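Trainee: In our numbering, the protein residues as written are 507 to 778.
Built from N, CA and C at the ideal position, the CB exists for glycine as well.
Since this is a predicted model, take the numbers as computed values, not measurements.
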DNA sequence: CACACAACCTGCGAGC
DNA sequence: TGCTCGCAGGTTGTGT
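#1: Using DSSP with H/G/I as helix, E/B as strand and the rest coil, what is residue 578?
#2: Are the region 558-571 and the region 665-675 touching by the rule of at least three beta carbon pairs closer than 8 Å?
#3: Note the first and the last residue of the continuous beta strand (DSSP E) segment covering residue 569.
#4: Take every Cβ of the region 614-634, pair it with every Cβ of the region 595-606, and state whether three or more of those distances are shorter than 8 Å.
#5: Please classify residue 770: does DSSP put it in a helix, a strand, or coil?
#6: For residue 646, which residues of its own chain have a beta-carbon under 7 Å away from its beta-carbon, when the five flanking residues on both sides are left out?
#7: On the three-state DSSP scale, how would you describe residue 777?
#8: With residue 745 as the anchor, note down where its alpha helix (DSSP H) starts and where it stops.
#9: Does the beta-carbon distance from residue 529 to residue 551 come in below 8 Å?
#10: Quick check on DSSP: helix, strand or coil for residue 765?
#11: Smallest Cα separation from residue 575: which of 604, 536 and 625?
#12: Once you ignore the five residues that flank residue 798 on each side, which residues in its own chain have a CB closer than 6 Å to its CB?
#13: Within 8 Å, do at least three Cβ pairs link the region 601-615 to the region 629-639?
#14: Anyone know if the C-beta pair for residue 710 and residue 771 falls short of 8 Å?
#15: I need the DSSP call for residue 723, collapsed to helix, strand or coil.
#16: Measure the alpha-carbon distance for residue 669 versus residue 766 and round it to whole angstroms.
#17: What residue does the beta strand (DSSP E) around residue 540 start on, and which one ends it?
#18: May I ask you to list the residues that DSSP assigns as paired with residue 623?
#19: Can you look up residue 638 in the DSSP assignment and give me helix, strand or coil?
#20: Select from 744, 764 and 601 the residue whose C-alpha is nearest the C-alpha of residue 758.
#21: Suppose you measure from the CA of residue 571 to the CA of residue 548; what does that come to, to the nearest Å?
#22: Output the boundary residues of the beta strand (DSSP E) element that contains residue 605.
#23: Between which residues of its own chain and residue 690 is the CB-CB distance below 8 Å, once the five residues before and five after are set aside?
#24: I need the DSSP call for residue 560, collapsed to helix, strand or coil.
#25: With distances taken between CB atoms, is the gap from residue 763 to residue 753 smaller than 8 Å?
#26: Name the residue from 557, 701 and 533 whose alpha carbon lies nearest to the alpha carbon of residue 518.
#27: For residue 660, which option in 688, 697, 513 and 648 has the closest C-alpha, if you only look at C-alpha atoms?
#28: In angstroms, rounded to a whole number, what distance separates the CA positions of residue 536 and residue 543?
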């Protein structure tokens, strides 16, 4: 599920519900997710207070009043729920943070590709954060910057955009969508993309992410429903998953290919 | 250095 | 109905 807009939706919900709340207790399984839970995680954060949640790319960061930060990545199937009473834990519930005032943060992740880390000290020194390029929505991610990285690359644009060390936050859905919007084939080599196209691409990436976040925002108010489900937005997809249906611009059939083991969807006429 | 690919897990839907 | 296969929104480590 989670690319940048989904993580932002989670961040906003957390900001609303858990800011300035003290951590009373933490449960986590021994099994671990993609990586084991931090060493003595519970002992290290219990009694601390959560400050304003932040996000970098697909990472959600919960700063504490101790200068520590809880780092959360949702992988492919991670979900966060905010509950107002203690839930009975299911098989795929891996972490439950019990806050004061009967607030609970539940992390569920069937595939266990997500993970949790605890940052002590400088965030930029964290092994995960320091690999990231500029955040997609930040002012540092510009057409000029992007062109400077892209212009010498043999790789195709699809893999460049998925590379979090070049730009942080895009995943398979949004890369497919934005390449369609910009009229660039996913097979096009980086070095064959003009400065002008890079400007367009960056502009379209930001606009697409912002509109997805905006749509996600409309359902956030439901975050304390009894079932605790966070409302994810449903953006209108133009090509993703649309194999063999008609391109809504030109009517050609949308094609599907594999790149880096992942599926790319594109219109052979509108994208080149 | 730049890039491709397998591996990590589980659930679900398509097809037989 | 029930089984097997392939595929899924991500990232790391290894190998060429």
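Mentor: This is what the structure holds:
#1: The answer is strand: DSSP assigns residue 578 an E or B state.
#2: Result yes; three or more Cβ-Cβ pairs closer than 8 Å.
#3: Residues 565-569.
#4: Yes, the region 614-634 touches the region 595-606.
#5: Secondary structure of residue 770 (DSSP, three-state): strand.
#6: Closer than 7 Å at the Cβ level, and outside the excluded window around residue 646, lie 640.
#7: Coil at residue 777, not helix or strand.
#8: First-last for residue 745: undefined, no H or E at that position.
#9: When the beta-carbon positions are compared, residue 529 and residue 551 come within less than 8 Å of each other.
#10: Three-state DSSP puts residue 765 in a strand.
#11: Of the residues 604, 536 and 625, the one whose Cα lies closest to the Cα of residue 575 is 625.
#12: The structure shown does not extend to residue 798, since the chain is modelled only from 507 through 778, so no value can be given for it.
#13: Output reads no: the region 601-615 does not touch the region 629-639.
#14: If you check the CB distance, residue 710 and residue 771 do not come in under 8 Å.
#15: Because residue 723 sits at a pLDDT of 49, beneath the cut-off of 50, its placement in the model cannot be relied upon, and the following sentence gives the value as read from the coordinates. Reduced to three states, the DSSP call for residue 723 is helix.
#16: So the alpha carbons of these two residues sit roughly 11 Å apart.
#17: Secondary structure note for residue 540: it is in no beta strand (DSSP E), with a DSSP letter that is neither H nor E.
#18: Answer is 577.
#19: Correct three-state label for residue 638: coil.
#20: Checking every option, the nearest Cα to that of residue 758 belongs to 744.
#21: Rounded to whole angstroms, residue 571 to residue 548 spans 15 Å at the Cα level.
#22: Looking at the DSSP string, the run of the beta strand (DSSP E) that includes residue 605 is 599-605.
#23: Cβ within range, chain order: 663, 699, 703, 707, 777 and 778.
#24: Three-state DSSP puts residue 560 in a strand.
#25: No; because the gap between Cβ atoms is not below 8 Å, this pair is not in contact.
#26: Comparing C-alpha distances from residue 518 to each of 557, 701 and 533 shows the shortest one belongs to 557.
#27: Answer by Cα proximity: 697.
#28: Just so you know, the alpha carbons of residue 536 and residue 543 end up roughly 8 Å apart.
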